[in-house]
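Numbers in my numbering are just positions in the sequence shown, counted from 1, shifted up by 20. All C-beta atoms in this analysis are idealised placements derived from N, C-alpha and C, irrespective of residue type, glycine included. None of the values given here were measured: they were computed from a predicted structure. Written below as structure tokens is the structure these notes are about.
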Amino acid sequence: MHMNDMNIVAIITDYHISITAFLLFGVLHSFCAQEAFKNWLAGWAGLFFVEHFWRLIYCAISYVSLYQVISIFHWGLHPDANVWLINYPDWLWRVIVVLHLSSIALIYTAFLQSDYLEFWGVKQAWLGARILRGKVPAGSGIVLFGTHRLVVDGLYCWIRHPMLIGGFLFLITSGPSRNNIIFLFMYTLYMILGAYYEERRLIRIFGEEYRGYRRQVGAFIPKGIPRPIQRDR
């Protein structure tokens with residue numbers, strides 16, 4: 021399909037499966053990260069399960085949903101739409117390659133700062149397994165991810181959502197094919213809505229500490245040269 025065929029009706033009709041799958045992923049991904057859902061799950065499966073094993077299961081389900089299911093629906097069902105729609109000049113191609121590699125470095129650094137083993141739930145699951153085996157006493161170790169510390173240094177003193185903006189930069193510097201452009205629009209919508217609901221959750225958890233951080237640091241674009249974060253008391 022040519023560029024002039026990329027109207028809203030044609031896109032929704034042609035990509036309705038991947039759009040629906042991505043919408044379901046976005047809703048479930050955000051909903052299952054909320055404390056209300058975790059409290060419900062704790063009442064059904066037990067608090068120990070939620071604190072130690074849910075994060076790993078949640079990340080595994082998210083990975084499979086995004087990279088196995090949605091990817092197949094989006095790119096696998098439209099192989100002819102992987103052709104580039106624009107031919108970049110050489111100088112612009114070099115700039116885009118640098119930005120693309122920078123996006124990977126940005127995401128990787130943000131993962132490291134967030135403690136990626138804890139982010140993926142590996143630390144929690146390992147601790148839970150050790151408790152079940154009697155290696156360490158129950159009640160010791162870390163709590164639910166994202167509830168016990170607010171990261172405000174490193175990348176996080178520049179922007180509040182480096183992982184999300186890193187994903188955006190990665191996609192916008194990928195090949196300008198019809199598939200990639202449409203997926204970029206879907207991701208951008210998810211990025212904005214996901215950040216909104218994530219910030220509501222962080223305000224409930226950290227209160228004025230997060231509100232003060234939000235006043236000083238931009239969500240996706242730096243507000244200027246970062247200074248030491250002043251925490252509200």
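Would you call the segment 78-88 and the segment 173-188 touching, i.e. three or more CB-CB distances under 8 Å?
When Cβ pairs closer than 8 Å are counted between the two stretches, the segment 78-88 is seen not to touch the segment 173-188, the count staying below three.
Determine the burial state of V47: buried for a count of at least 16 other Cβ atoms within 10 Å of its Cβ, exposed for fewer.
Sequence index remark: in the sequence shown, residue 47 carries index 27 (1-based). Around the beta carbon of V47, fewer than 16 other beta carbons lie within 10 angstroms, which makes this residue exposed.
Helix, strand or coil: which one does DSSP assign to I179?
Start at 1 with the first residue of the sequence shown, and residue 179 comes out as number 159. Three-state result, I179: strand.
CA-CA distance, A239 and F226?
Counted from its first residue, the sequence shown places residue 239 at position 219. Counted from its first residue, the sequence shown places residue 226 at position 206. The alpha-carbon atoms of A239 and F226 are separated by roughly 17 Å.
Which runs of the beta strand (DSSP E) spanning at least 3 residues fall entirely within the segment 170-240, listed in chain order?
Scanning the segment 170-240 from its first residue to its last, no whole beta strand (DSSP E) run of 3-plus residues comes out.
Same chain, Cβ closer than 6 Å to R198, neighbours up to 5 away in sequence not counted
Taking the first residue of the sequence shown as 1, we reach residue 198 at position 178. Closer than 6 Å at Cβ, skipping near neighbours: A101.
So V156 is in the alpha helix (DSSP H); what residue range does that whole segment cover?
Your numbering for residue 156 matches position 136 in the sequence shown. Looking at the DSSP string, V156 is not in any alpha helix (DSSP H), and its letter there is neither H nor E.
Report the rounded CA-to-CA distance for R253 versus Y230, giving the unit in angstroms.
In the sequence shown, the residue the question calls residue 253 occupies position 233. In the sequence shown, the residue the question calls residue 230 occupies position 210. Unreliable positioning characterises R253 in this predicted model, as indicated by a pLDDT of 45, which lies under 50. The coordinate reading is nonetheless provided below. Answer to the nearest angstrom: the Cα atoms are 11 Å apart.
DSSP three-state call for W140: helix, strand or coil?
Position 120 of the sequence shown, counted from the start, is the residue given in the question as residue 140. Coil, per DSSP.
In chain order, what residues of the same chain have a beta carbon less than 7 Å from the beta carbon of Q54, not counting five sequence neighbours either side?
Stepping through the sequence shown from its first residue, residue 54 is reached at position 34. For Q54, where only same-chain residues beyond five positions count, the Cβ hits under 7 Å are R221.
Touch check for the segment 192-207 and the segment 141-151: three-plus C-beta pairs under 8 Å?
In short, these stretches do not touch, since the Cβ pair count stays below three.
If I'm right that Y78 touches C52 with Cβ under 8 Å, what's the distance once you round it to whole angstroms?
Against the sequence shown, residue 78 aligns to sequence position 58. Against the sequence shown, residue 52 aligns to sequence position 32. That belief holds up - the Cβ atoms of Y78 and C52 are roughly 6 Å apart, short of 8 Å.
Work out the CA separation of L147 and H120 for me, nearest whole Å.
Position 100 of the sequence shown holds residue 120. Position 127 of the sequence shown holds residue 147. Between H120 and L147, the C-alpha separation is close to 36 Å.
Per DSSP, W104 is paired with what?
Taking the sequence shown and counting its residues from 1, the one referred to as residue 104 is at position 84. Note: W104 sits in a beta bridge opposite S197.
Using the C-alpha atoms, what's the distance from I92 back to S38?
Translated into the one-based positions of the sequence shown, residue 38 becomes position 18. Translated into the one-based positions of the sequence shown, residue 92 becomes position 72. For the pair S38 and I92, the Cα-to-Cα distance works out to about 8 Å.
With a 10 Å radius around its C-beta and 16 neighbouring C-beta atoms as the bar for buried, classify E228 as buried or exposed.
The residue you call residue 228 lines up with position 208 of the sequence shown. Per the 10 Å Cβ criterion, exposed.
Secondary structure of Q54, DSSP reduced to three states:
As a working mapping, residue 54 is identified with position 34 in the sequence shown. Of the three classes helix, strand and coil, the one that applies to Q54 here is coil, per DSSP.
Kindly indicate which residue of V70, Y176, L175 has the alpha-carbon position closest to the one of K58.
Residue mapping note: residue 58 aligns to position 38 of the sequence shown, counting from 1. That would be V70, whose Cα lies nearest to the Cα of K58.
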